[in-house]
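Report on one structure; see the data block that follows.
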Amino acid sequence: MPERLLLTNEETRIALYSEANQPIVPHSVTADTLLESLNLNWREKDLPEKQRTKHVHRLHPYLGKFAPQLVEVFLRKYFAPGQTILDPFCGSGTTLVQANELGIAALGYDIAAFNVLLTRAKVTHYLLEDLCKEVRDILGKLRAKTQQPSSQLSFWELSFGDKLQETDNSYLQQWYAPQALHELLTYRNLLETEGYHYQDLLKVILARSARSARLTTLFDLDFPQKPQRKPYWCYKHSRECIPTTEALKFLERYSADTLQRVKEFAVCRTAQTILVQHADSREVAFPLVHDVDQAR
Ligand SMILES: C[S@@+](CC[C@H](N)C(=O)[O-])C[C@H]1O[C@@H](n2cnc3c(N)ncnc32)[C@H](O)[C@@H]1O
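Residue 8 is where the sequence shown starts when you use the working numbering, and the numbers rise one by one after that.
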């Protein structure tokens, strides 16, 4: 009996990855690459975070995301440029973006409105000059409305317990310092009233900033349990830190980062179509997609 049959699945995997074969280089995969030869066990040094989160893949954190390189491997193996891929659970759009890079048309559905918004923001064709103007315009207006001494709310330590302005939403009141909330709500208000063309992308910048500006410890950003309202010992910085009291710095940082990422994707995207629909895939009559080689 071959030795491998005596091993558990996990032991087999460990044995496979311990052998001499190196993790696959995604762009080396072709239709002829054997599935059995694929070692997808990338280590950080094989596939650093910067590559896994390249261009629009990191417009917003998304916990259940594929590494785009994993998708790339299978698209290269099973699809050819000009064909169409359908992703009925497209999430943050990783498959759609990767397919487009390879010249494959893509059709995605998701039941969650935010995921559809995020995917659309990633795949929209932007007129970059107009986009830059809008991103700068809203930030300028935001600063004008929130940064004069008279419009700034008092320091967070002094402000808790004050009646928060502009919202009676208890979640927002609990999770944001007054100045941060003031800035986020003002940005949202500008977004709703100024008639910007690229609203989806501005909403993504707002959502990303709102996530970072919550009253939470730095090390608990993914799963904060309760609002952190007092200074705390931060083991990341080995010093006492205070939770953030403002949102403007995040809005500024993520605006610049978003523009950069959209510009990077503009360089490598192809002219293939990408369509994203907000729908429950259990009820969608999917269009028939031809020219996919099912034999492979
Ligand atoms: C794990 S995520 C996919 C993530 C994606 N592969 C990525 O890299 O971003 C699964 C997605 O399926 C969506 N979903 C679950 N049930 C669905 C349904 N019935 N119709 C459409 N989408 C659904 C969820 O909203 C979620 O975004």
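Glycine included, every Cβ here is placed at the ideal spot set by N, Cα and C.
Boundaries of the alpha helix (DSSP H) harbouring T265: 255–275, taken from the DSSP string. Around the CB of V211, 16 or more other CB atoms lie within 10 Å, so the residue is classed as buried. When distances are taken from the beta-carbon of D117 to the heavy atoms of ligand 1, the shortest one is below 7 Å.
Around the beta-carbon of W240, fewer than 16 other beta-carbon atoms lie within 10 Å, marking it exposed.
For A184 and S219, the gap between their C-alpha atoms comes out near 12 Å.
The closest CA to that of H189, considering only F230, P234, E253, is found on E253. Cβ-Cβ separation between P88 and G110: approximately 3 Å, consistent with a contact (criterion under 8 Å). For Q181, the three-state secondary structure derived from DSSP is helix. With distances taken between CA atoms, K256 lies nearest to A217 out of R65, L13, A217.
By the Cβ neighbour-count rule, C97 is buried, with 16 or more other Cβ atoms within 10 Å of its own. For I212, the enclosing alpha helix (DSSP H) has its first and last residue at 206–219.
In the DSSP annotation of this structure, the continuous segment of the beta strand (DSSP E) that includes E247 starts and ends at 246–248. Spatial neighbours of T193 in its own chain (CB-CB distance under 7 Å, excluding positions within 5 residues in sequence) are listed in chain order as L149, K152, T153.
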